[in-house]
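Single-structure report; data block below.
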Amino acid sequence: MSAWAEVGDRTWVRRYDEWDLNVGLVVGADGALVIDTRANAAEAEQLREHIRELTDQPVKWVVNTHAHFDHVAGNSVFTEATVYLHENAAAEENLAGTTFAAAKVIDLGDRRAELLHVGNAHTSGDIVIAVPDVDVFFVGDLLEESAPPSYGPDSYPLEWPDTIEAVVGMMTPAVKIVPGHGAVIDLEYARDQAIELGKVANTISTLHHAGTPLDDALKHTEDWPWPVVELQDAIRRGYQALGTPQRPTLPLLGPS
Numbered sequence: 001m002s003a004w005a006e007v008g009d010r011t012w013v014r015r016y017d018e019w020d021l022n023v024g025l026v027v028g029a030d031g032a033l034v035i036d037t038r039a040n041a042a043e044a045e046q047l048r049e050h051i052r053e054l055t056d057q058p059v060k061w062v063v064n065t066h067a068h069f070d071h072v073a074g075n076s077v078f079t080e081a082t083v084y085l086h087e088n089a090a091a092e093e094n095l096a097g098t099t100f101a102a103a104k105v106i107d108l109g110d111r112r113a114e115l116l117h118v119g120n121a122h123t124s125g126d127i128v129i130a131v132p133d134v135d136v137f138f139v140g141d142l143l144e145e146s147a148p149p150s151y152g153p154d155s156y157p158l159e160w161p162d163t164i165e166a167v168v169g170m171m172t173p174a175v176k177i178v179p180g181h182g183a184v185i186d187l188e189y190a191r192d193q194a195i196e197l198g199k200v201a202n203t204i205s206t207l208h209h210a211g212t213p214l215d216d217a218l219k220h221t222e223d224w225p226w227p228v229v230e231l232q233d234a235i236r237r238g239y240q241a242l243g244t245p246q247r248p249t250l251p252l253l254g255p256s
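Residue numbering for the sequence shown follows UniProt numbering, starting at 1 and increasing by one per position.
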């Protein structure tokens, strides 16, 4: 388990061994904001003690980057906090909290945190949290550092590239980016991964357009940026969105 790492003024990340999860902490004059709360109540209780290492400010706000359990299951420990998450995330897992559709600004007293939903990607409820005064973005599982991006049965592989391109377009060259799992990354890393996400989407679309059956696409080993075993749900979800592939037919020759 790592110690807190300061990525900006009163802005920290702590990387936990369990699920290799990153938790964010942003402290303002009026209180502390926690980004993701770990995978169960016991881990969240430990997180609360670790927060006391940095500040005596009360945790007034909890923000969930998306609805997966390793990011939200500790919410109930922070009983005095207002929980913020995207409306789709709340609906997916029947989570309690204050929801929003596109954007929300949280006033921490002498600074702010900006919550933004840009589109479907890792899930339908992903958000990023920008801390403008220190040029830090917490992006949840929209980007990964310690493993390939996680395509699950609730992912949107064909839409993910556009979503992350839009997020990257908001960033400056000096930005510090905190992924949901792994080490803090920079803009160049984010751009490279956006290209790889695009390759996945393009390969799925190309296979589908060529009339490749799903079973064959799941075994296709070329053109992917990551091992195909990591992309089974991505391929299934892409084919689900595109419909049953049709075998291409040659045009009839007209009269000479």
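Think of the CB as a built atom: it goes at the ideal place given N, C-alpha and C, for glycine as much as any other residue.
Between residue i and residue j, how many whole angstroms is the CB-CB distance? I'm expecting something under 8 Å.
i, j, result
"S205", "Y156", "Rounded, the Cβ-Cβ distance is 13 Å, inconsistent with contact."
"I129", "L142", "Actually they are not in contact, since the Cβ atoms of I129 and L142 sit about 11 Å apart, beyond 8 Å."
"I222", "A183", "Note that residue 222 is Glu in the sequence shown, not Ile. About 30 Å; that fails the 8 Å criterion."
"G74", "E53", "Incorrect: roughly 17 Å between the Cβ atoms, too far for contact."
"L108", "V23", "That belief does not hold up - the Cβ atoms of L108 and V23 are roughly 17 Å apart, past 8 Å."
"P153", "E196", "Rounded, the Cβ-Cβ distance is 21 Å, inconsistent with contact."
"L187", "M171", "6 Å"
Have a look at the DSSP bridge pairing and note the partners of residue i.
i, result
"T99", "L85"
"G140", "P179"
"R112", "D107"
"T11", "G8 and V26"
"V128", "L116"
"L21", "Y16 and H181"
Going by DSSP, what residue range makes up the alpha helix (DSSP H) through residue i?
i, result
"P161", "W160 to V168"
"V200", "L187 to H209"
"L33", "Here L33 belongs to no alpha helix (DSSP H); instead the beta strand (DSSP E) covers G31 to I35."
"G238", "Q232 to L242"
"E49", "A41 to I51"
"A121", "Taken as a continuous stretch (DSSP letters only), A121 belongs to no alpha helix (DSSP H), as it is neither H nor E."
"L214", "L214 to A217"
"D70", "F69 to V72"
Using a threshold of 8 Å, state whether the C-beta atoms of residue i and residue j are closer than that.
i, j, result
"L21", "D70", "yes"
"V77", "V178", "no"
"A201", "P227", "no"
"G8", "V136", "yes"
"V34", "V59", "yes"
"R111", "G211", "no"
"A113", "L95", "no"
"T11", "G180", "no"
"H117", "A101", "yes"
"L158", "G238", "yes"
"P148", "E230", "yes"
"W61", "A81", "yes"
"V105", "V139", "no"
"Q232", "L214", "no"
Within 8 Å (strictly less), CB to CB, does residue i reach chain C?
i, result
"R247", "Going by chain labels, chain C is absent from the structure shown, which holds only one protein chain."
First and last residue of the beta strand (DSSP E) that includes residue i?
i, result
"V63", "V59 to V63"
Decide yes or no for the touch test of the region 75 to 90 against the region 118 to 134: beta carbon pairs closer than 8 Å, at least 3 of them.
yes
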